[in-house]
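Report on one structure; see the data block that follows.
Numbering (the numbering used here), first residue to last: 7 to 90.
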């Protein structure tokens, strides 16, 4: 059984922020979590690109400030990679 995109993304975030539970992760944003610094963002991007086999456009990277933003970008990138 394959996990859905949201569950897989939660796993990526849990790798970077192991002290947080899934319920906390899905509502997470950079403004409310001190540990979410530039290194955490770079690590998340690398994990997400590897997990989903996508390349996040550089133009999208500055918008990756919440779980929901990551999910939107992953969904968009995954759909565009399948249409090639």
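Even glycine gets a Cβ: it sits at the ideal position worked out from N, Cα and C.
- Two segments are said to touch when three or more pairs of C-beta atoms, one from each, lie closer than 8 Å; by this definition the region 37-49 does not touch the region 74-85.
- Beta bridge pairing from DSSP links residue 13 with no other residue.
- In the three-state reduction of the DSSP assignment, residue 29 falls in the helix class, which pools H, G and I.
- Cβ-Cβ separation between residue 18 and residue 50: approximately 6 Å, consistent with a contact (criterion under 8 Å).
- Take residue 61, set aside five residues on each side of it, and the residues of its chain with a beta-carbon closer than 8 Å to its own are 55 and 83, in chain order.
- Taking a C-beta distance under 8 Å as the contact criterion, residue 32 and residue 16 qualify as a contact pair.
- In chain order, 35 place their CB closer than 6 Å to the CB of residue 72, counting only its own chain and leaving out the 5 sequence neighbours on each side.
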